[in-house]
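Mapped onto the numbering used here, the consecutive letters of the sequence shown carry residue numbers 1216 to 1551.
Beta carbons: idealized from backbone N, C-alpha and C, even for Gly.
Take a look at the structure below.
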Amino acid sequence: MIQEDELYRKVADACQTETAEAFRLQSRIHQLRWFGRSNIWVKRDDELSFGVSGTKLRKHASIIPSLKQKGIEEVVVIGGANSNNVLSAAQTLRENNIKITPFLLGPPSQKLGNAKLFSLFVDDSEIHWVSRSQWGDCEHLVNCYVEKRKAGGVKIFVLPEGAHHPLALPGSLSILVDILRNERESGVRFDHIFIDAGTGMVAQSLLAGAAALGRKMIFHVVVLAGSFDDFQSGLSQVIEYTREFLNVSPCPLPDYSMYHPATAKSFGSTNKTIFEEIRRIAREDGILTDPVYSAKLFLTARQTILDKKFGGNILLIHSGGGLALTGFMDCPMFSV
1216 MIQEDELYRK VADACQTETA EAFRLQSRIH QLRWFGRSNI WVKRDDELSF
1266 GVSGTKLRKH ASIIPSLKQK GIEEVVVIGG ANSNNVLSAA QTLRENNIKI
1316 TPFLLGPPSQ KLGNAKLFSL FVDDSEIHWV SRSQWGDCEH LVNCYVEKRK
1366 AGGVKIFVLP EGAHHPLALP GSLSILVDIL RNERESGVRF DHIFIDAGTG
1416 MVAQSLLAGA AALGRKMIFH VVVLAGSFDD FQSGLSQVIE YTREFLNVSP
1466 CPLPDYSMYH PATAKSFGST NKTIFEEIRR IAREDGILTD PVYSAKLFLT
1516 ARQTILDKKF GGNILLIHSG GGLALTGFMD CPMFSV
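Dropping the structure here:
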């Protein structure tokens, strides 16, 4: 088992900050006005950055310093045209003067939301579009490109979908460091934590990190992309990353449950209920959520808390991604 101060130091060192207490990766918590209760809180990782979603910023906080240490000149980024990870990578890589080469599923029929914002950072001529019928061969296409660039003397790195990579682990663990800070400062100890998961790196790191600390929080993961089996497979990888990084065994894992979204279960799908939830959250709690990730988390958490009659202190992690709303402004359901 690792101690909190040792976890702080290791994460801070990997993210190249002087001390864990000096993290720029700090977000506040505040109470939600749900069901007339005072024990439900939200962690505002959406406020970490205007353009880069909170969980992506955390992952890149350890990825970017490592890439710069290795002298990486170019990064291949894989994902969908509307991916939060792709848009986030475009910003953090440009900021650090590292060339981005996107391999994206598409092209889309029209550029909206994240895809349109992405075009501000990357010209169409720089994008390698991969059709849906070829997507299964994307890894081969990327490998061929990478080998060609390496042969030309370019130091190149491949960032997989969702930045699910060992280099992202320290940054992913920073959210646990920050939750512990929130607890100390607020005097609240959380019993239940809700988080959404795409590729799941941050959610999986939370589980592994809590295990390494011996914390008995109960985690609730809303799996938005892929299957429960996919999440479990990714979790097994992250457990190994954590074992190597912290030099401890992150077992046994804390209790956790996985959920599919309460509605619009397919990744990227939306419906009237989701947009009604976005409006409700905005008007009741003053928070902007997006229809792909955070609104589904809030809706699923609200229904689960009611159905299972959870007691104790509950924390929802709002990971950000509000810019994705711009892609839905003309959607008829948006105005319901």
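Item to complete: Since I believe Ile1410 is in contact with Ala1532 (beta carbons under 8 Å), could you give me their beta-carbon distance rounded to a whole number of angstroms?
Response: For this step, residue 1532 is matched to residue 317 along the sequence shown. For this step, residue 1410 is matched to residue 195 along the sequence shown. It is worth fixing the name first, because residue 1532 is Ile in this sequence and not Ala. About 5 Å separates the two Cβ atoms, so the contact holds.
Fill in: Candidates Ile1502, Val1257 and Ala1378, of which the one nearest Ser1401 by Cα
For the purposes of this step, residue 1401 is identified with residue 186 of the sequence shown, where counting begins at 1. Comparing Cα-Cα distances from Ser1401 to each of Ile1502, Val1257 and Ala1378, the minimum goes to Val1257.
Practice prompt. Could you pull the start and end residues of the alpha helix (DSSP H) that Ile1496 belongs to?
Written response: As a working note, residue 1496 is residue 281 in the sequence shown. Per DSSP, Ile1496 belongs to the alpha helix (DSSP H) from Lys1487 to Asp1500.
Worksheet item: In three-state terms, what does DSSP make of His1475?
Response: Within the sequence shown, numbered from 1, the residue matching residue 1475 stands at position 260. Here His1475 sits in coil by DSSP.
Item to complete: Could you say which of Ala1229, Lys1274 and Leu1512 lies nearest to His1379 if we only look at CA atoms?
Response: Residue mapping note: residue 1379 aligns to position 164 of the sequence shown, counting from 1. Of the candidates Ala1229, Lys1274 and Leu1512, the one whose C-alpha sits nearest the C-alpha of His1379 is Lys1274.
Worksheet item: Going by the CB atoms, is the gap between Ile1315 and Ala1305 shorter than 7 Å?
Response: Numbered from 1 along the sequence shown, position 90 holds the residue referred to as residue 1305. Numbered from 1 along the sequence shown, position 100 holds the residue referred to as residue 1315. For Ala1305 and Ile1315, yes; Cβs fall inside 7 Å.
Worksheet item: If you draw a straight line from the C-alpha of Ser1552 to the C-alpha of Tyr1360, how long is it?
Response: Beyond the ends of the chain as shown, which are 1216 and 1551, falls residue 1552; an answer cannot be given.
Item to complete: Taking Ala1510 and Ile1529 to be in contact with their CB atoms under 8 Å, please state how far apart those CB atoms are, rounded to whole angstroms.
Response: On the sequence shown, position 295 is the one that residue 1510 refers to. On the sequence shown, position 314 is the one that residue 1529 refers to. Not really, about 18 Å apart at Cβ, beyond 8 Å.
Item to complete: Out of Lys1370, Val1392, His1343 and Leu1282, point me to the one whose CA is closest to Arg1224's CA.
Response: For the purposes of this step, residue 1224 is taken as the residue at position 9 of the sequence shown. Residue Val1392 is the option with its Cα nearest to Arg1224.
Item to complete: Pull up the CB-CB distance for Lys1370 and Ile1287, whole angstroms please, since I reckon it's below 8 Å.
Response: Along the sequence shown, read from residue 1 onward, the residue named residue 1370 stands at position 155. Along the sequence shown, read from residue 1 onward, the residue named residue 1287 stands at position 72. About 5 Å; that satisfies the 8 Å criterion.
Fill in: Assigned secondary structure, Phe1336 (DSSP; H/G/I helix, E/B strand, else coil)
Counting from 1 along the sequence shown, the entry for residue 1336 is found at position 121. DSSP places Phe1336 in helix when its eight states are reduced to three.
Worksheet item: How is Ile1520 classed by DSSP in three states: helix, strand or coil?
Response: Along the sequence shown, one-based indexing puts residue 1520 at 305. In this structure, Ile1520 counts as helix in the three-state DSSP scheme.
Worksheet item: So, His1355 versus Phe1318, is the Cβ gap smaller than 7 Å?
Response: Stepping through the sequence shown from its first residue, residue 1355 is reached at position 140. Stepping through the sequence shown from its first residue, residue 1318 is reached at position 103. Judged by their CB atoms, His1355 and Phe1318 are not nearer to each other than the 7 Å cut-off.
Practice prompt. Check whether the stretch 1434-1447 touches the stretch 1472-1483, counting contact only when three or more Cβ pairs, one atom from each stretch, lie closer than 8 Å.
Written response: At 8 Å Cβ cutoff, the stretches touch.
Worksheet item: Between which two residues does the beta strand (DSSP E) containing Lys1258 stretch?
Response: The sequence position of residue 1258 within the sequence shown is 43, counting from 1. Counting along the chain, the beta strand (DSSP E) containing Lys1258 begins and ends at Ile1255 to Arg1259.
Discussion item. Just to confirm before moving on: does the CB-CB distance between Pro1465 and Ala1426 stay below 7 Å?
Written reply: For the purposes of this step, residue 1465 is identified with residue 250 of the sequence shown, where counting begins at 1. For the purposes of this step, residue 1426 is identified with residue 211 of the sequence shown, where counting begins at 1. The answer is yes: Cβ separation under 7 Å.
Worksheet item: Between Gly1269, Ile1408, Glu1398 and Ser1420, which lies nearest to Leu1450 when the distance is taken from Cα to Cα?
Response: For the purposes of this step, residue 1450 is taken as residue 235 along the sequence shown, with counting starting at 1. The residue with the shortest Cα to Cα distance from Leu1450 is Ser1420.
Worksheet entry | 7 Å Cβ cutoff met for Thr1488 and Thr1504 | On the sequence shown, residue 1488 is found 273 positions in, with the first residue counted as 1. On the sequence shown, residue 1504 is found 289 positions in, with the first residue counted as 1. Against a cut-off of 7 Å, the Cβ pair of Thr1504 and Thr1488 comes out as no contact.
Practice prompt. Determine the direct distance from the alpha carbon of Gly1429 to that of Leu1468, and round the result to whole angstroms.
Written response: Position 253 of the sequence shown, counting from 1, holds the residue named residue 1468. Position 214 of the sequence shown, counting from 1, holds the residue named residue 1429. Each residue's alpha carbon lies about 9 Å from the other.
Worksheet entry | Cβ neighbour criterion (16 or more within 10 Å) applied to Leu1395 | Against the sequence shown, residue 1395 aligns to sequence position 180. Under this definition Leu1395 is a buried residue.
Worksheet item: Among all the DSSP beta bridges, which residues are the ones paired with Ala1412?
Response: Looking up residue 1412 in the sequence shown gives position 197. Answer is Val1438.
Practice prompt. Below 7 Å CB to CB, which residues in the same chain sit around Pro1506 once its five sequence neighbours on both sides are set aside?
Written response: On the sequence shown, position 291 is the one that residue 1506 refers to. Once the five neighbours on either side are set aside, the close Cβ partners of Pro1506 are Thr1485, Ile1489, Phe1490, Ile1493 and Phe1543.
Worksheet entry | His1475 versus Gly1368 - alpha carbon distance | Here residue 1475 refers to the residue found at position 260 of the sequence shown. Here residue 1368 refers to the residue found at position 153 of the sequence shown. Each residue's Cα considered, the two are about 45 Å apart.
Discussion item. Would Gly1328 and Asn1299 be called neighbours here (beta carbons separated by less than 7 Å)?
Written reply: Counted from its first residue, the sequence shown places residue 1328 at position 113. Counted from its first residue, the sequence shown places residue 1299 at position 84. Annotated as distal: Gly1328 and Asn1299, with beta-carbon spacing of 7 Å or more.
Discussion item. According to DSSP, simplified to helix, strand and coil, what is Lys1314?
Written reply: For this step, residue 1314 is matched to residue 99 along the sequence shown. Here Lys1314 sits in strand by DSSP.
Worksheet entry | Whole-Å CB distance - Leu1177 paired with Ala1276, under 8 Å assumed | The question about residue 1177 has no answer here: the residues shown for the chain are numbered 1216 through 1551.
Worksheet item: Met1216: buried (16+ other C-beta within 10 angstroms of its C-beta) or exposed?
Response: Here the question's residue 1216 lines up with position 1 in the sequence shown. Met1216 comes out exposed.
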